[in-house]
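Data block below; observations after.
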Amino acid sequence: GAGVSQSPRYKVAKRGQDVALRCDPISGHVSLFWYQQALGQGPEFLTYFQNEAQLDKSGLPSDRFFAERPEGSVSTLKIQRTQQEDSAVYLCASSLGLAGDKNIQYFGAGTRLSVL
Amino acid sequence: GENVEQHPSTLSVQEGDSAVIKCTYSDSASNYFPWYKQELGKRPQLIIDIRSNVGEKKDQRIAVTLNKTAKHFSLHITETQPEDSAVYFCAAMKKTTGTASKLTFGTGTRLQVTL
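In the order they appear, the protein sequences are chains X and E.
The numbering used here applies: residue -6 is where the first sequence begins, and numbers increase by one.
The numbering used here applies: residue 1450 is where the second sequence begins, and numbers increase by one.
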């Protein structure tokens, strides 16, 4: 079946603009994660949803970052008043459940955000 | 919180040779350790994983070993091929009850397999 899908693949924003990044998880996957990957670094956790509930947002770097998953499927990561330091690849991952093989995370190809 | 260190940052091997990448983790509550391969501009893809109830797992040319006492785990690729060239990330996940858990990643190893 289809994997995790993210759009847009590339986004260029002027400093101060708001952006919205979309993630379509694998159908039926309960858990959804957002990660930020700076150039040459490993992904870093931003936030986690279990169905529609945002259970962990400890990785969001500032209150300019906001994520939602209102119907427990598609998720949107919104960044308000973008800054140059927000430039990165934003990865979405989903997993089927909570434990055992069900906690394997499958990643999308990411959205590369460039803030000018 | 969890901290994962990964070495080396770059690794160049000749085709047919073996490659070894090592990671250490800090949180003894971590119990799941996946390895992801990421080609330029592509999604991270899971290539192998290990859980803390086993010490070694093998899948064709790829193997992972885990030493819980020392809190380190390693990826071994034998008979390397040019298509193995990519960035490899190790990660750790802490056991939780009732919720899923985030992955904490290492900083990556750029593997180059030369002809």
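Built from N, CA and C at the ideal position, the CB exists for glycine as well.
All figures in this text were calculated on a predicted structure; none of them were measured in a lab.
- Proximity of Gly21(X) to chain E, defined by a Cβ-Cβ separation below 9 angstroms, is not satisfied.
- For Ile72(X), the uninterrupted beta strand (DSSP E) run begins and ends at 68 to 72, by DSSP.
- A distance below 6 angstroms between beta-carbons, with the five flanking residues on each side excluded, links Gln77(X) to the following residues of its chain, in chain order: Val108.
- Leu25(X) is bridged by DSSP to Phe42(X), Ser87(X).
- Residues of the same chain with a CB within less than 7 angstroms of the CB of Gly52(X), apart from the 5 flanking positions on each side, are Glu37, Phe38, Leu39, Thr40 in chain order.
- For Glu1451(E) against Thr1473(E), the beta-carbon gap comes to about 11 angstroms, at or over 8 angstroms, which does not count as contact.
- In this structure, the straight-line span from the alpha carbon of Ile1470(E) to that of Pro1483(E) is close to 13 angstroms.
- Not a single C-beta of chain E is nearer than 9 angstroms to the C-beta of Gly65(X).
- Where Glu1505(E) is concerned, the enclosing beta strand (DSSP E) starts and stops at 1505 to 1508.
- The beta carbon of Tyr3(X) lies closer than 6 angstroms to those of Arg105 in the same chain, with the five residues before and after it left out.
- Using a 10 angstroms sphere on the CB of His1456(E), the tally of other CB atoms stays under 16, which defines it as exposed.
- Taking 9 angstroms as the upper bound on Cβ-Cβ separation, chain X lies near residues Tyr1481, Pro1483, Tyr1485, Gln1487, Gly1490, Lys1491, Arg1492, Pro1493, Gln1494, Leu1495, Asp1498, Arg1500 of the segment 1479 to 1503 of chain E.
- With a cut-off of 8 angstroms on Cβ pairs, the segment 3 to 13 of chain X is not in contact with the segment 1515 to 1532 of chain E, counting fewer than three such pairs.
- For the pair of segments examined, the segment 1516 to 1530 of chain E was found not to touch the segment 77 to 89 of chain X: the number of CB pairs separated by less than 8 angstroms stays below three.
- For Ala1541(E), the closest Cβ of chain X is not nearer than 9 angstroms.
- Counted as a single uninterrupted DSSP element, the beta strand (DSSP E) harbouring Gln1487(E) occupies residues 1479 to 1487.
- One finds Thr1545, Thr1546, Gly1547, Thr1548, Ala1549, Ser1550 in chain E with Cβ atoms closer than 9 angstroms to the Cβ of Leu91(X), taken in chain order.
- Straight through space, the alpha carbons of Leu48(X) and Phe1554(E) are spaced by roughly 20 angstroms.
- According to the DSSP assignment, Ile1497(E) belongs to the beta strand (DSSP E) that extends over 1494 to 1500.
- Asp17(X) has Ser(-2)(X) as its beta-bridge partners, per DSSP.
- Bridge partners of Glu37(X) according to DSSP: Gln29(X).
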